[in-house]
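Visitor: In terms of our numbering, the sequence shown opens at residue 4 and continues consecutively.
Cβ atoms here follow ideal geometry from the backbone N, Cα and C, with glycine treated the same way.
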Amino acid sequence: MIECLEKLHHAGFSAYLYGFSAIDSWLDRNVLKNNQAGIFILTNAGIAHLAKLYENLRYPGAAVADAAMDYKNLKIYFFCNDDEGDGGASSVLKNNHLSFKLLEFYRDCKSRVFYDPRGIYPLLAEIRRGLIRCPQAAGKKDIRSPQKSGKNIEGRLQQSPFEILHEGLNPRVERGKAVTDAALILSKYFSQGAEAERQIKKITGLLDSLYDGAAAGQEEQRLLLISLMASDNPGPGLELLKACGFIRRYWPELAALDEADHSKEFHPEGNVWKHTMETFRYRKNGSCDLRLSLGLLLHDAGKPVAVSKGSKRFDGHAELGEAIARKFLGRLGFEAPLINDVCFLVRYHMITAALPRLPFFRTAQIMSSDLFPVLLELYRCDESSSFKGLDGYYESSMAYQSFLRNKRNPYRSADGKKLNNRQLV
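1. I'd like the list of long-range same chain contacts for Leu186, defined as Cβ closer than 6 Å, with 5 residues on each side in sequence excluded.
2. Among Tyr57, Leu348, Lys55, Gly22, whose alpha-carbon lies nearest the alpha-carbon of Tyr118?
3. Looking at the unbroken alpha helix (DSSP H) that takes in Ser296, where does it start and where does it end?
4. Measuring only between beta-carbons, confirm whether Lys10 sits less than 8 Å from chain D.
5. Taking only three categories from DSSP, how would you classify Leu45?
6. Give the DSSP bridge partners of Tyr21, in chain order.
7. For Leu358, which option in Leu323, Asp394, Phe390, Arg329 has the closest C-alpha, if you only look at C-alpha atoms?
8. Report the rounded CA-to-CA distance for Met232 versus Arg284, giving the unit in angstroms.
9. If Ile26 and Phe108 are in contact, beta carbons under 8 Å, what's the gap, nearest whole angstrom?
10. Among Gly208, Arg286, Leu213, Asp184, which residue has its Cα nearest to the Cα of Glu177?
11. Should Asn76 go down as buried or exposed, given a rule of 16 or more other Cβ atoms within 10 Å for buried?
12. DSSP three-state call for Leu77: helix, strand or coil?
13. Could you spell out where the beta strand (DSSP E) holding Ser311 opens and where it closes?
14. Between the C-alpha atoms of Asn38 and Lys312, what's the straight-line distance to the nearest angstrom?
15. Does the Cβ of Pro174 have 16 or more other Cβ atoms within 10 Å, making it buried, or fewer, making it exposed?
16. Work out the CA separation of Tyr396 and Ala71 for me, nearest whole Å.
17. For Met353, which residues from the same chain have a beta carbon less than 7 Å from its beta carbon, with the 5 sequence-adjacent residues on both sides left out?
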């Protein structure tokens, strides 16, 4: 159990991981490590009780959570279900604000037992086996479900993302909440992005039947973007957000990518939006570097506003993109160190291709940065997305390796020139 949650149990209250946090925990994803989106806790404590127990409590707004706090490197969000009841699981696990049946899944933070009040275990088992990349195929045994599913589990293999979402949609939830949750479900749990994308139009129609609700706030948008970037396949979720109008309304810098065309000779994958979505497919499995993912998302943000100059179709787009990325991430409330790192990646993402041919004075400071390995990884994903092959990536990697080797060599300068290290007698 998370140490800070022991206060809740000592005070007689319960605490459950719920929704995405509980599902990710069951899928053996470490929700406590490198989780910049935070974890979500359902408790029968009221806000007043939480305020007495935790001095650093803050209130992000009902659209995000009833209360939140920072604990070490983890953000914890509380949803309070303090209706009268016996305090047991049956009375606490009444979470009517959830948008889809799939998310009605819980884990007791004290006993570590999973609870499945809606009988969705067969679906989760299929997600484990067929819809996501997961190292372990065996199901867990510590699930308590009051319902027995009468459906043939094998039939779940044939269910589309639309059918899964349609079957479990909460008709009382706000459209905005359903849209963002559906986007996360597609990106986090469906490995077949092409199949999910074919369902986008039908899912959009399904969600259009809901009432609009309140506008998405800053923290809500930031958590959504972080969760998408940390998912296995951000593309389908971002496509759904675009189709539902979310991106045009809240993230116009990204909507502009879909209006900037590419030369088919150099980018057969499509326009700037399609190219950006394709780059995510080439991240290494298990990569959770938010800097890299945000760098990929924004590396071509300057192309829609760049102009042609000579042979350069998007002259200065890296520098323009840096300014756009800084404004975009700042508006969503990201911290300055992360913004600076992402802007470094955006500004210099073109220099890696020319690294072996540029003079040393142009590249020394950039290669000396701790971020340069991340910049090289961005270059690999960028090149792979356009089906160009990786010859340029390997040449740049060799140039970087030579730079590091020369820096360690006391008889050579960082650019490889011999030094006169003879001692005077």
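Guide: Well, looking at it:
1. Residue identity differs from the one stated: residue 186 is Ala in this sequence, not Leu. Same-chain partners within the cutoff: Gly240, Leu243, Leu244.
2. Gly22
3. 293-301
4. The chain inventory of the structure shown lacks chain D, comprising one protein chain alone.
5. strand
6. Tyr109
7. Comparing Cα positions, the closest option is Asp394.
8. 12 Å
9. Contact holds; Cβ gap of about 5 Å.
10. Leu213
11. exposed
12. strand
13. 310-312
14. 43 Å
15. exposed
16. 43 Å
17. Ala321
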